[in-house]
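For the protein sequence lines, the chains are X and G, in the order given. Just so you know, this note's numbering puts 76 at position 76 of the first sequence, and the rest follows in order with no gaps. Just so you know, this note's numbering puts 440 at position 340 of the second sequence, and the rest follows in order with no gaps. Ideal Cβ placement from N, Cα and C applies to all residues, glycine included. If you're wondering where the values come from, they're calculated on a predicted model, not measured in any experiment.
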Amino acid sequence: MSGRITRDEAAHVARLARLRFSDEELDELAAQLSAVLDHAADVEALDVTDIAPTSHPHPLVNVTRADEVRPSLDRDEVLAQAPSVDDGQFRVPPILGEAP
Amino acid sequence: MSGAPGREAALGDGWELVVGLEVHVELSTATKLFCGCANRFGDEPNTNVCPVCLGLPGSLPVVNAAAVDFAMRLGRALGCEARGAVFARKNYFYPDMPKAYQISQYDQPTNTDGRLELPGGHTVGIERAHIEEDTGKTTHIGGGGRIHDADYALVDYNRAGVPLVEIVSRPDIRGAEQARAYVRELRAILLAVGVSDARMEEGSMRVDANVSVRPAGSDELRTRCEIKNLSSLRALGRAIVYEAQRHVDLWSGGERPRQETRHWDEANGRTTPGRSKEDADDYRYFQDPDLVPLAPAAETVAAIDAALPPLPAARRADLAADGGGAVSAEDAALLVERGQDGLVRAAIAAGADPGVAATRVANDLAVEDWAPVTPEGLAALVAMETSGRLTATQSKQVLAEMAEGGGFPDAIAERRGFQAMAGDDLAAVVDQVISENAEAWSRFCAGDEAERKKLAGFLTGQVMRATRGQADGAAVNRLLAARARSRP
Ligand SMILES: [Zn+2]
Numbered sequence: 001m002s003g004r005i006t007r008d009e010a011a012h013v014a015r016l017a018r019l020r021f022s023d024e025e026l027d028e029l030a031a032q033l034s035a036v037l038d039h040a041a042d043v044e045a046l047d048v049t050d051i052a053p054t055s056h057p058h059p060l061v062n063v064t065r066a067d068e069v070r071p072s073l074d075r076d077e078v079l080a081q082a083p084s085v086d087d088g089q090f091r092v093p094p095i096l097g098e099a100p
Numbered sequence: 101m102s103g104a105p106g107r108e109a110a111l112g113d114g115w116e117l118v119v120g121l122e123v124h125v126e127l128s129t130a131t132k133l134f135c136g137c138a139n140r141f142g143d144e145p146n147t148n149v150c151p152v153c154l155g156l157p158g159s160l161p162v163v164n165a166a167a168v169d170f171a172m173r174l175g176r177a178l179g180c181e182a183r184g185a186v187f188a189r190k191n192y193f194y195p196d197m198p199k200a201y202q203i204s205q206y207d208q209p210t211n212t213d214g215r216l217e218l219p220g221g222h223t224v225g226i227e228r229a230h231i232e233e234d235t236g237k238t239t240h241i242g243g244g245g246r247i248h249d250a251d252y253a254l255v256d257y258n259r260a261g262v263p264l265v266e267i268v269s270r271p272d273i274r275g276a277e278q279a280r281a282y283v284r285e286l287r288a289i290l291l292a293v294g295v296s297d298a299r300m301e302e303g304s305m306r307v308d309a310n311v312s313v314r315p316a317g318s319d320e321l322r323t324r325c326e327i328k329n330l331s332s333l334r335a336l337g338r339a340i341v342y343e344a345q346r347h348v349d350l351w352s353g354g355e356r357p358r359q360e361t362r363h364w365d366e367a368n369g370r371t372t373p374g375r376s377k378e379d380a381d382d383y384r385y386f387q388d389p390d391l392v393p394l395a396p397a398a399e400t401v402a403a404i405d406a407a408l409p410p411l412p413a414a415r416r417a418d419l420a421a422d423g424g425g426a427v428s429a430e431d432a433a434l435l436v437e438r439g440q441d442g443l444v445r446a447a448i449a450a451g452a453d454p455g456v457a458a459t460r461v462a463n464d465l466a467v468e469d470w471a472p473v474t475p476e477g478l479a480a481l482v483a484m485e486t487s488g489r490l491t492a493t494q495s496k497q498v499l500a501e502m503a504e505g506g507g508f509p510d511a512i513a514e515r516r517g518f519q520a521m522a523g524d525d526l527a528a529v530v531d532q533v534i535s536e537n538a539e540a541w542s543r544f545c546a547g548d549e550a551e552r553k554k555l556a557g558f559l560t561g562q563v564m565r566a567t568r569g570q571a572d573g574a575a576v577n578r579l580l581a582a583r584a585r586s587r588p
């Protein structure tokens, strides 16, 4: 374990993902995340000078569809899956803060 | 609300304004960016939704070819380089994005390094114009509409996934008027290439302004604030002036502005603090594994370039050339913005006086649909006005009726009983008014400029009364001046 990730950093990432952990759990996660970064560092150490960068395992580009309207879902069916509904809309708790 | 570009409100002594604009534009495709749901404003909430735009597990996005084409058309019109691009996820939790991320483009956007030349000649660099999806619409209920006091929120996902292009300018804008000119010109370009209806009031064009100030002559970039909630050109101009002054006051008092997002409060004419930038912007962008890169072929880019329509700057130049110097720059800008330059140029080709034709159309804000006005009809109307058969006021009324499908101007004028009194008839009335108002007339002839102006108004009024408004004020003034010159 190289300790690339501190407990505070693990806590920060957890907060961004809206997850709550105990200190013991954070220490364990920090160690695991560090191991992932160690592995990335191993890959990074390889000489890839002659290899073109790939953004995707599939050798595909420009996969698109025509701009044609397809039927949408039935609204009642959609809203039936929501915990709370009001006036044809999803009802959510008051939002603290503003949209990014 | 136009205001001459270049006339800027003065900032405190020795300070320079530095503004960059981020403009979000909804593309007018038939469907959303990654699914076949209709891209339509104003439908019943949550009727244009599907597993993809609701972020349901297992759904997969597929890129709308038209959205990419529209974005590239705009990019090429802005002189951008068309590049291979990659979609990335911008991660955040907010109920307007049910996936918990927004698909955008990050380090490899579709368009980079363009420029936009303002009608006044100033050039603003375009850093990038990238494709991304719009978010859903949240409505805060209770608490008097204030976000922080709301009881709950309602979410409509019809807008979630609608294709947007975000056009990011370089911080090359130096004043509020320039900022407005930039948005107006960008809007004219969007309309010309036909990729968006670009309506600020309806939210299909949304402008955020990054504002900072610096000592005049320096090239440093100081702490900037991002101003949101700018829903009109007027709001944009006012917000920039307010924010710049706030920064000048802070720096002058030995303080520094905090880097943050601020909201424009239209009612109170000020900006208020929002989210601090320091703890935000941790979006953990990464390439979206569900989407493959865009790699436009050289032929695709060439075909887009070849199909670009004439852009506003070229159209203004064409109109100016046809007008032979008689069309004012302001009229030309307005006509091109509203897409009426073609009509005016055709009327000029049909023999209309260029200056009068341009002004008559540019000034007429009441007319909504110009389709019924033919170039020949407009040319005939302008001829009636320049020959003195119609007064300017009558001409406007005839034009309004032409726009409603009323037909040719001479028929309308006759039907309405319009006929400007001209020539000998008008001269006779003027002479009669002169003889009936001998004292006013001699004071007119002998008076200084102010006196002359006052009495000209009085005498013209007498002529108007005598002709029951059938005289053209300008023609009466010319006659009065001529009579005064030839007075024994
Ligand atoms: Zn959908």
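Query, Result
"Is the beta carbon of residue 43 of chain G within less than 7 Å of some heavy atom of ligand 1?", "Residue 43 of chain G is absent from the structure shown; chain G starts at 101 and stops at 588."
"How about residue 132 of chain G: is its Cβ closer than 7 Å to a heavy atom in ligand 1?", "yes"
"Rank G:269, G:557, G:340 and G:265 by C-alpha distance to the C-alpha of residue 277 of chain G and give the top, closest one.", "G:340"
"Check whether chain X comes within 8 Å of residue 137 of chain G, counting only Cβ atoms and requiring the distance to be less than that.", "yes"
"Just checking: is the beta-carbon of residue 365 of chain G within a distance shorter than 8 Å of some beta-carbon in chain X?", "no"
"Does the beta-carbon distance from residue 565 of chain G to residue 555 of chain G come in below 8 Å?", "no"
"Check whether chain G comes within 8 Å of residue 49 of chain X, counting only Cβ atoms and requiring the distance to be less than that.", "no"
"For residue 568 of chain G, is the classification buried or exposed, using 16 other Cβ atoms within 10 angstroms of its Cβ as the cut-off for buried?", "exposed"
"On the DSSP letters alone, give me the boundaries of the alpha helix (DSSP H) that residue 559 of chain G sits inside.", "549-567"
"Quick one: list the residues of chain X neighbouring residue 394 of chain G, beta-carbon separation under 8 Å, in chain order.", "61 and 62"
"Using DSSP with H/G/I as helix, E/B as strand and the rest coil, what is residue 240 of chain G?", "strand"
"What are the residues in the region 147-162 of chain G lying within 8 Å of chain X by C-beta distance?", "147, 148, 149, 150, 151, 154 and 162"
"Does residue 459 of chain G have its Cβ less than 8 Å from a Cβ in chain X?", "no"
"Considering just the uninterrupted stretch of the alpha helix (DSSP H) at residue 415 of chain G, what are its terminal residues?", "412-423"
"Please decide whether residue 486 of chain G counts as near chain X, where near means a Cβ-Cβ distance under 8 Å.", "no"
"Looking at C-beta atoms only, is the number of pairs between the region 162-178 of chain G and the region 348-361 of chain G that lie closer than 8 Å three or more?", "no"
"Please indicate yes or no: does the CB of residue 72 of chain X lie closer than 7 Å to some heavy atom of ligand 1?", "yes"
"With 16 as the cutoff for other CB atoms within 10 Å, does residue 48 of chain X come out buried or exposed?", "exposed"
"Which residues mark the beginning and the end of the beta strand (DSSP E) in which residue 494 of chain G is found?", "Run containing residue 494 of chain G: none in the beta strand (DSSP E); it sits in the alpha helix (DSSP H), 492-503."
"Counting only Cβ-Cβ distances shorter than 7 Å, please list the residues of the region 464-482 of chain G near chain X, keeping chain order.", "none"
"Do you know how far the Cα of residue 571 of chain G is from the Cα of residue 269 of chain G?", "52 Å"
"So for residue 541 of chain G, helix, strand or coil by DSSP?", "helix"
"Are the region 211-220 of chain G and the region 181-188 of chain G in contact at 8 Å, needing three or more beta carbon pairs?", "yes"
"Please check if any C-beta of chain G sits within less than 8 Å of the C-beta of residue 28 of chain X.", "no"
"Using the Cα positions of residue 333 of chain G and residue 283 of chain G, report the straight-line distance between them to the nearest angstrom.", "8 Å"
"When Cβ atoms are compared, which residues of the region 11-24 of chain X fall closer than 7 Å to chain G?", "16 and 18"
"From residue 293 of chain G to residue 417 of chain G, what distance separates their C-alpha atoms?", "18 Å"
"Grouping DSSP H, G and I as helix and E and B as strand, with all else coil, what is residue 95 of chain X?", "coil"
"Tell me whether residue 4 of chain X sits in a helix, a strand or coil according to DSSP, three-state version.", "coil"
"In angstroms with no decimal places, state the Cα-to-Cα distance between residue 429 of chain G and residue 423 of chain G.", "11 Å"
"Who does residue 204 of chain G pair with in a DSSP beta bridge?", "G:188"
"Listing by chain order, which chain X residues have their CB less than 8 Å from the CB of residue 193 of chain G?", "18"
"How many Å lie between residue 139 of chain G and residue 234 of chain G at the Cα?", "11 Å"
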